[in-house]
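Notes follow the structure.
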Amino acid sequence: MPKSFPRRLSFPKLCEILVAYLNAGGDKEYVGVSEVVNKSDITLHNISRNNNFLRSWGFIDENEKEPGKYRMSREAAEFAYAYRIDPNGTPTRDLLMKFLSKDDVLTKFVERTERENLTRNAILVELPRVIGDLRADKVGVNAFLDMISYALQIKGISAPMQPARPAKEPVRMAKPSREASRSITRFEVPHPGASFSVNLTISPDISPERLKEYIKAMLEAYDEHSQEKASEKKE
27 MPKSFPRRLS FPKLCEILVA YLNAGGDKEY VGVSEVVNKS DITLHNISRN NNFLRSWGFI
87 DENEKEPGKY RMSREAAEFA YAYRIDPNGT PTRDLLMKFL SKDDVLTKFV ERTERENLTR
147 NAILVELPRV IGDLRADKVG VNAFLDMISY ALQIKGISAP MQPARPAKEP VRMAKPSREA
207 SRSITRFEVP HPGASFSVNL TISPDISPER LKEYIKAMLE AYDEHSQEKA SEKKE
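Under the working numbering, the residue at position 210 of the sequence shown is numbered 236, and the numbers go up by one with no gaps.
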C-alpha cells in the first residue's frame, strides 16, 4: 500500500502508541483501538488517524476478517519493548534502523541527504514528494523526520530540544499541631430562658481565667440584649 506520514502527532507520541499496542497484547493477537486507548494517554481519534501511517510502514497489520483490529509485526513489537525499557538506548535505535532500512526509497533518500548535506528545512520540503504523501501536515512530516533521524543518526537534522517546563511544586499542607487543633472550640452555654451556642477562636496562650472572663462578658451582653427586647415589647 502507498506510504503515508503521521498525522498531527510527534515522534514520542507515535512511540507511545506502539508501546500501548504492545501493552494491549497487540504483539500476539489482533486488538481494537479502544483496547489501545486504555493503555495510553492518547485519544482514540489520534490513534485511529495514525493507524494508516503505522499500517503503511508495516508496524501493524489489519485483520481482514475483522476490520478495525490490528496486530503488531514482530519487528515493531521488539522496538516497542526496547523503547519502553530504554528510549534513548543504542540497541533501541538499532532496532528501528533495521526496520526502516528495509525500505529502499527511504534508504536512498537518507544517503542523498548526507551526500548533499541537505538542511532540515530542505528535507521537510523534499520528503512528501519522495514518500508520495503530498497531503501530509507539517507536524506529521516533522515527526517522521525525527523518527528517521533517531534511527539512522542523520547528523544536523535532529529537532532542537525544547526546554522542559519546571514541574509545579506540590502544595504541602502542614499538619496542624495539637495546640492549633484546639484553636477553635465550640461551647454549649446553658442560660435561663434561652439556649444558644458560642464559637470561640482561642489562641494557645489564653489562660482559663481569661477565657472565663470572655464567656461572662458575652452572657452579660446577652442579658442586656434580652432586657432591651422585653422593654420594647411592653412599650
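For every residue, glycine included, the Cβ atom is placed at its ideal position computed from N, Cα and C.
Going by beta carbons, Arg-97 and Asn-72 fall outside the 8 Å limit. Per DSSP, the continuous beta strand (DSSP E) segment holding Met-98 begins and ends at 95 to 98. Looking at the DSSP output, Val-165 sits in no beta bridge, so it has no partner there. In the three-state reduction of the DSSP assignment, Ile-183 falls in the coil class.
The beta carbon of Glu-90 is closer than 7 Å to none in its chain, skipping five residues each way along the sequence. Taking the CA atoms as reference points, Glu-152 sits about 36 Å from Glu-61.
The stretch 69 to 125 contains, as complete alpha helix (DSSP H) runs of 4+ residues, the segments 70 to 82 and 100 to 111 (chain order). Considering only Asp-130, Arg-138, Leu-144 and Arg-146, the residue with the shortest C-alpha distance to Lys-29 is Asp-130.
Here Gly-94 has Gly-58, Val-59 and Glu-88 as same chain residues with Cβ atoms under 8 Å from its own Cβ, once five neighbours each way along the sequence are excluded.
Between the C-alpha atoms of Ala-103 and Arg-110 there is a straight-line separation of about 10 Å.
A Cβ-Cβ separation of about 17 Å leaves Glu-101 out of contact with Tyr-56 under the 8 Å criterion.
Exposed is the label assigned to Leu-70, since fewer than 16 other Cβ atoms lie within 10 Å of its Cβ. Annotation for Leu-178: Met-123 and Val-136 place their beta carbon closer than 6 Å to its own, counting only its chain and skipping 5 residues before and after. When the beta-carbon positions are compared, Gly-158 and Pro-32 stay at least 8 Å from each other.
It is roughly 13 Å from the alpha-carbon of Ala-108 to the alpha-carbon of Asn-49.
Non-local beta-carbon contacts of Leu-121 in its own chain, meaning distances under 8 Å to residues more than five positions away in sequence, involve Glu-101, Glu-104, Phe-105 and Ala-108 in chain order. Looking at the backbone, the Cα of Ala-46 and that of Lys-164 are separated by about 24 Å. For Tyr-47, the uninterrupted alpha helix (DSSP H) segment begins and ends at 37 to 49. Leaving aside the five residues that flank Ala-162 on each side, the residues in its chain whose CB is nearer than 7 Å to its CB run, in chain order, Phe-31 and Pro-154.
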